[in-house]
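Trainee: Have a look at the structure that comes next, please.
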Amino acid sequence: MDEGDNDPLRFLDYFISAFRSIDESVGQSSQILTSLPQHPPLHVIMDELLNDLAAIENQVVLVLDDYHTISNPNIHEALEYFIEHQPAQLHLSILTREDPPLPLARMRSRGQMTEIRAHELRFTQDEAGMFFSQSMHLELALETINTLEARTEGWAVGLQLAAIALQNLPDPYEFIQTFRGTNRFILDYLAEEVLRQQNEEIRLFLFQTAILQKFNASLCDAITGRTNSQDLLIQLEQANLFIIPLDNERNWYRYHHLFADFLRTCLTKPEQTQLLEKASSWYEKNDMVIEAVEHAFFSNNMEMTANVIERVIQKPSAWSGGEITTLVGWLDALPGQFFESKPALCLHASRAWYIAGRINLSEKYLNLAERSLKECSIPDEQKSALLGIAAERRAALAIIHGDIDFAIERANFALKQLPEKNLYDRARAIAMVGLAYGLKGDLDKACSFLIKASDLSHSIGVTFMTMTTRCEAALLQVTQGKLDLATQTIQKAKQLAGEKHIPTLGFTWYVLAEIALDRNDLVSAEKLLKDSIELSKHGVLVDDLRLALMTIAHLKKITGDLSEALSAIEQAHAICQSFDIPRLIILSSAHHVRIQLANGMLDKANQWAQEYQELRNSNPVEYIRDYEDLTLARVYYKIGDHNKALEIIKPLFEQANISGRIRTCIEAAILFSLISLAQNQSDLASEWLTNAVKLAEPDGFLQLFLEEGSPISRLLPKIRQTSPKFVEKLLLEFSKQDTNQKTIEPVNNNLISPLSEQEIRVLKLIVLGKSNQEIAEELFISIGTAKWHVHNIFQKLGVNNRPQAIALAREMKI
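Heads up: the sequence shown at position 558 corresponds to 568 in this note's numbering, and the numbers run straight through without jumps.
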């Protein structure tokens with residue numbers, strides 16, 4: 011370890027790579043998690059690694075050397091988690107100059123730790139004699155050996171330095187008498203003596219290369235200006251001059267830290283700065299971007315550091331690993347004045363902060379970049395590319411805020427400005443055009459752009475973007491009523507991921523769940539959604555989590571588990587509020603209202619309808635709001651205001667039909683049919699239901715009909731002749747729905763409404779005397795959800811407390 015390993019992702023990368031040297035299959039999913047733009051919590055990555063390590067049968071020892079250089083508390087916490095859960099065949103050895111901030115006392119008490127302290131590492135007189143004769147090839151008198159052992163207190167480094175110093179001295183005993191004192195003093199004294207015995211070329215080489223954490227011959231040549239570094243490195247290793255090879259091929263080396271510390275004290279600050287600047291340049295030229303920036307920071311030359319960051323942040327290698335935390339850390343550490351007159355740095359900083367969810371900072375630095383581009387003088391081609399990136403960034407922010415026309419204009423401008431060779435930036439701009447057209451309702455055009463962006467991303471190996479853009483296209487295909495095509499699009503996205511169990515797959519499973527739900531495959535839909543939620547949580551892909559939560563809320567509403575539905579939609583709504591994006595907040599609130607309608611909470615639903623209607627009238631938007639408008643119509647239908655409901659549905663159906671939003675047309679037609687039935691217009695109801703059936707039949711939409719219950723099931727036989735096979739299938743699904751409805755038959759006539767399956771489970775636990783907290787733990791739900799279940803059970807049973815509920819449950823034989 012060294013100070014540069016305090017970046018959690020870098021530490022984990024080395025940590026995982028060490029295990030992969032034993033078995034290439036270990037840590038694949040863990041390394042994928044670390045490469046995500048927003049990586050999951052470290053313990054989640056450790057879980058993936060631990061699962062792989064548990065399958066290894068052989069005994070494995072991992073050694074962490076110089077762990078005292080690690081100061082990041084997140085790394086300490088991750089390592090503690092790893093130690094607590096490591097399999098029995100794995101052993102961790104930590105070499106450190108000081109106690110690490112780990113629960114050492116607890117591990118001692120459990121007998122989980124073996125400690126080797128300084129006094130046990132101390133060489134005895136016999137061991138010192140063996141070291142001098144066998145390792146250092148020195149034949150010394152016993153008295154000399156004993157004196158050296160006593161003066162150095164058996165310290166290995168001191169003994170090695172003394173041995174090197176003694177190799178060319180005629181009178182060892184006289185030399186030994188000249189040094190005494192602390193280990194630090196002895197180290198400096200002996201190091202000076204060792205250096206004095208080297209020739210000028212070696213001494214200068216040692217001084218110049220001591221500023222490096224690690225080095226190879228090419229790097230040494232670059233900072234020293236010589237061409238024979240490889241020969242000197244071999245010479246140093248043969249002389250045992252505290253040089254340590256870092257690989258089997260002996261390409262990379264480092265000095266013993268104590269020796270390097272001493273060598274650095276012999277350099278002035280200006281000398282160190284100059285050498286560090288040269289090292290940074292070498293790393294940059296060799297595409298080692300993290301090391302390039304680190305050495306620039308070490309030099310304390312902030313102007314140079316800003317220039318290095320500006321150059322490396324434009325390289326694909328700076329983004330390919332998804333080290334957004336690292337990038338943002340650099341940007342946060344760079345004083346604000348160094349962003350001035352650096353439009354490229356500002357633009358890529360804006361992108362990094364955008365991905366990290368810091369939208370305000372992203373917008374601030376985009377503004378700064380745009381101002382800087384107006385004032386700075388740079389070559390036309392470079393300026394054109396930067397203007398293109400700025401336009402793509404502006405389009406992304408406009409989409410967030412719902413300014414769709416402006417987003418399309420900016421994204422198209424970006425494509426005009428960006429050179430053909432800027433494939434990644436062009437792919438992003440194309441994706442923005444697609445997303446904007448999707449929100450606008452031009453679905454064919456949107457899908458075309460999204461697939462194009464996906465293919466372009468795939469051609470340059472950007473898998474994350476390849477998958478997400480394809481999934482966005484599949485969602486639009488669902489809206490178009492093309493469930494089969496959407497399934498094919500998703501399967502293509504899954505192929506790109508291969509067998510990798512990565513969080514990005516959470517989005518694909520979410521879309522597949524939507525398809526399964528529309529086809530009334532509730533079992534598959536629930537499994538897919540649970541997997542999607544789990545992966546999205548692990549990947550910190552919060553927007554994917556929001557989508558999955560809204561859909562599982564819908565699923566729970568269908569199955570009658572309204573408290574679970576309410577819990578899920580409240581979580582989704584909290585995410586939307588954290589984004590502070592009005593259009594997403596309104597969408598999640600519409601999902602919330604549908605659950606309130608199912609729960610009979612008409613007053614709350616009507617209050618939302620009034621607020622949303624006022625918003626519609628006063629604030630027309632550029633994007634489609636089919637779900638929100640259909641929800642508004644449903645509220646009006648439920649409260650009996652049929653005319654207002656039709657005022658929403660008629661134009662919505664016409665617009666959706668023109669633009670090919672078939673799923674919206676199906677739902678609108680079914681709702682039109684229900685309203686017609688309520689108005690005693692059975693012929694009109696049949697006509698609209700026929701329209702819905704014809705639209706739904708080609709790709710097998712079932713659930714939109716089944717959700718409406720008996721009014722639709724009673725009307726279907728009247729239109730059987732229009733689509734006989736599909737109507738029969740719907741009627742069969744309705745009959746299954748009735749048969750599979752798992753409810754409690756009321757032994758007590760006072761039972762207000764049936765209990766859901768989850769409520770039955772909760773009631774059984776109440777009978778067993780479980781507290782709300784115990785119920786939550788037993789069923790893996792939150793304490794708030796447990797309380798909500800208990801409240802609903804009391805209401806349905808018509809009781810006021812637990813004893814009454816228990817008595818009634820026993821009477822009902824639960």
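Even for Gly, the Cβ is constructed at its ideal location relative to N, Cα and C.
(1) Tell me the DSSP secondary structure of F252 in three-state form.
(2) Is the beta carbon of A175 closer than 8 Å to that of Q207?
(3) Could you tell me the alpha carbon to alpha carbon distance between D181 and Y24, rounded to whole angstroms?
(4) Among the residues of its own chain, which have a CB less than 7 Å from the CB of E718, if the five just before and after it don't count?
(5) Do the CB positions of S669 and G491 come within less than 8 Å of each other?
(6) On the CB-based measure, 16 or more other CB atoms within 10 Å of its CB, does V73 come out buried or exposed?
(7) For the alpha helix (DSSP H) that H602 lies in, which residues bound it at each end?
(8) Check V631 in the structure and name its three-state DSSP category.
(9) Please return the same chain residues whose Cβ sits closer than 8 Å to the Cβ of L407, not counting the five positions on each side in sequence.
(10) Run the CB neighbour count on Q122, radius 10 Å, all protein chains shown included, and call it buried at 16 or more, exposed below.
(11) Who does H101 pair with in a DSSP beta bridge?
(12) Figure out for me which residue from M560, A306, F744, L607 has the closest Cα to the Cα of E524.
(13) Given this structure, state the Cα-to-Cα distance separating F308 from K567, to the nearest angstrom.
(14) My assumption, with CB atoms under 8 Å, is that Y622 sits in contact with E638. Please give the rounded CB distance.
(15) Which residue marks the beginning of the beta strand (DSSP E) containing R264, and which one marks its end?
(16) Check F133 in the structure and name its three-state DSSP category.
(17) CA-CA distance, H887 and Y646?
(18) Need the endpoints of the alpha helix (DSSP H) that I225 sits in, please.
(19) Helix, strand or coil: which one does DSSP assign to G346?
(20) Could you compute how far the alpha carbon of N609 sits from the alpha carbon of L378?
(21) Any idea what DSSP makes of R20, helix, strand or coil?
(22) If we ignore side chains and look at the alpha-carbon of each, how far apart do T795 and A817 end up?
(23) Whether or not the region 593 to 600 and the region 566 to 583 are in contact is what I'm after, with contact meaning three or more pairs of Cβ atoms, one per stretch, closer than 8 Å; do they touch?
(24) Could you give the uninterrupted runs of the alpha helix (DSSP H) lying entirely in the region 798 to 824, keeping only those of 4 residues or more?
(25) Spatial neighbours of P708 within its chain, please: C-beta separation below 8 Å, excluding the five flanking residues on both sides.
(26) Taking only three categories from DSSP, how would you classify S534?
(27) In the structure shown, what three-state DSSP assignment does A220 receive?
(28) Going by alpha carbons, who is nearest to A172 out of L506, L594, F252?
(29) Find the nearest neighbour of E489 within the set G448, S467, G471, judged by alpha-carbon distance.
(30) Is V338 closer than 8 Å to V318 when the C-beta atoms are compared?
(31) On the three-state DSSP scale, how would you describe A65?
(32) From S458 to R361, what distance separates their C-alpha atoms?
(33) Excluding the 5 residues flanking N627 on each side, which residues of the same chain have their C-beta closer than 6 Å to its C-beta?
(34) What's the gap between the Cα of P113 and the Cα of T641?
(35) Count the other CB atoms, across all protein chains shown, that sit within 10 Å of the CB of Q805; report buried if there are 16 or more and exposed otherwise.
(36) Quick check: the region 519 to 538 against the region 570 to 578, are at least 3 beta-carbon pairs closer than 8 Å?
Mentor: Here's the rundown:
(1) For the purposes of this step, residue 252 is taken as residue 242 along the sequence shown, with counting starting at 1. Looking at F252 - three-state DSSP - the assignment turns out to be coil, as it is neither helix nor strand.
(2) As a position in the sequence shown, residue 207 is number 197, starting the count at 1. As a position in the sequence shown, residue 175 is number 165, starting the count at 1. With a cutoff of 8 Å on beta-carbon distance, Q207 and A175 are scored as near each other.
(3) The residue given as residue 181 occupies position 171 in the sequence shown. The residue given as residue 24 occupies position 14 in the sequence shown. Roughly 47 Å separates the two Cα atoms.
(4) Against the sequence shown, residue 718 aligns to sequence position 708. Answer for E718: I680, L684, listed in chain order.
(5) The count along the sequence shown starts at 1 and reaches residue 669 at position 659. The count along the sequence shown starts at 1 and reaches residue 491 at position 481. No, Cβ-Cβ distance for S669 and G491 is not below 8 Å.
(6) For the purposes of this step, residue 73 is taken as the residue at position 63 of the sequence shown. The residue in question, V73, is exposed, as its Cβ has fewer than 16 Cβ neighbours within 10 Å.
(7) Residue 602 sits at position 592 when you count from the first residue of the sequence shown. According to the DSSP assignment, H602 belongs to the alpha helix (DSSP H) that extends over 592 to 608.
(8) Taking the first residue of the sequence shown as position 1, residue 631 is located at position 621. If DSSP states are grouped into helix, strand and coil, V631 belongs with coil.
(9) In the sequence shown, the residue the question calls residue 407 occupies position 397. Contacts found: Y364, I369, S372, E373, L376.
(10) Residue mapping note: residue 122 aligns to position 112 of the sequence shown, counting from 1. A residue is called buried once 16 or more other Cβ atoms fall within 10 Å of its Cβ, and Q122, having fewer, is exposed.
(11) Start at 1 with the first residue of the sequence shown, and residue 101 comes out as number 91. Paired residues: V71.
(12) Translated into the one-based positions of the sequence shown, residue 524 becomes position 514. The candidate whose alpha carbon is nearest that of E524 is M560.
(13) Stepping through the sequence shown from its first residue, residue 308 is reached at position 298. Stepping through the sequence shown from its first residue, residue 567 is reached at position 557. Cα to Cα, F308 sits roughly 58 Å from K567.
(14) Residue numbering aside, residue 622 sits at position 612 when the sequence shown is read from its first letter. Residue numbering aside, residue 638 sits at position 628 when the sequence shown is read from its first letter. Rounded to the nearest angstrom, the Cβ distance from Y622 to E638 is 7 Å, consistent with a contact under 8 Å.
(15) Numbered from 1 along the sequence shown, position 254 holds the residue referred to as residue 264. Its beta strand (DSSP E) spans residues 263 to 265.
(16) Against the sequence shown, residue 133 aligns to sequence position 123. If DSSP states are grouped into helix, strand and coil, F133 belongs with coil.
(17) Past the edges of the chain, shown from 11 to 824, lies residue 887, and the structure says nothing about it.
(18) Along the sequence shown, read from residue 1 onward, the residue named residue 225 stands at position 215. The question names Ile, but residue 225 is Phe in the sequence shown. Unbroken run through F225: none, as it is neither H nor E.
(19) One-based indexing of the sequence shown puts residue 346 at position 336. Of the three classes helix, strand and coil, the one that applies to G346 here is helix, per DSSP.
(20) As a first step, residue 609 is located in the sequence shown; it is residue number 599 there, counting from the start. As a first step, residue 378 is located in the sequence shown; it is residue number 368 there, counting from the start. The alpha-carbon atoms of N609 and L378 are separated by roughly 50 Å.
(21) Translated into the one-based positions of the sequence shown, residue 20 becomes position 10. Helix at R20.
(22) In the sequence shown, residue 795 corresponds to position 785, counting from 1. In the sequence shown, residue 817 corresponds to position 807, counting from 1. Taken atom to atom, the span from the alpha-carbon of T795 to that of A817 is near 23 Å.
(23) Counting Cβ pairs under 8 Å, three or more are found: they touch.
(24) Listed in chain order, the complete alpha helix (DSSP H) runs (minimum 4 residues) inside the region 798 to 824 are 812 to 821.
(25) Reading the sequence shown from its first residue, position 698 is the one you call residue 708. So the qualifying residues of the chain are G491.
(26) Here residue 534 refers to the residue found at position 524 of the sequence shown. Helix at S534.
(27) Here residue 220 refers to the residue found at position 210 when the sequence shown is read from its first residue. In the three-state scheme derived from DSSP, where H, G and I count as helix and E and B as strand, A220 is classed as coil.
(28) Stepping through the sequence shown from its first residue, residue 172 is reached at position 162. Checked all of L506, L594, F252; the closest Cα to A172 is F252.
(29) For the purposes of this step, residue 489 is identified with residue 479 of the sequence shown, where counting begins at 1. Per the sequence shown, residue 489 should be read as Thr rather than Glu. Measuring from the Cα of T489, the nearest candidate turns out to be G448.
(30) Here residue 318 refers to the residue found at position 308 when the sequence shown is read from its first residue. Here residue 338 refers to the residue found at position 328 when the sequence shown is read from its first residue. Their beta carbons are not under 8 Å apart, which means V318 does not touch V338 by this criterion.
(31) Start at 1 with the first residue of the sequence shown, and residue 65 comes out as number 55. When DSSP states are grouped into helix, strand and coil, A65 belongs to the coil group.
(32) On the sequence shown, position 448 is the one that residue 458 refers to. On the sequence shown, position 351 is the one that residue 361 refers to. Answer to the nearest angstrom: the Cα atoms are 25 Å apart.
(33) The residue labelled residue 627 in the question sits at position 617 within the sequence shown. Here the set comprises nothing.
(34) For this step, residue 113 is matched to residue 103 along the sequence shown. For this step, residue 641 is matched to residue 631 along the sequence shown. Distance between the alpha carbons of P113 and T641: 54 Å.
(35) By one-based count along the sequence shown, residue 805 stands at place 795. Exposed.
(36) The region 570 to 578 vs the region 519 to 538: no contact.
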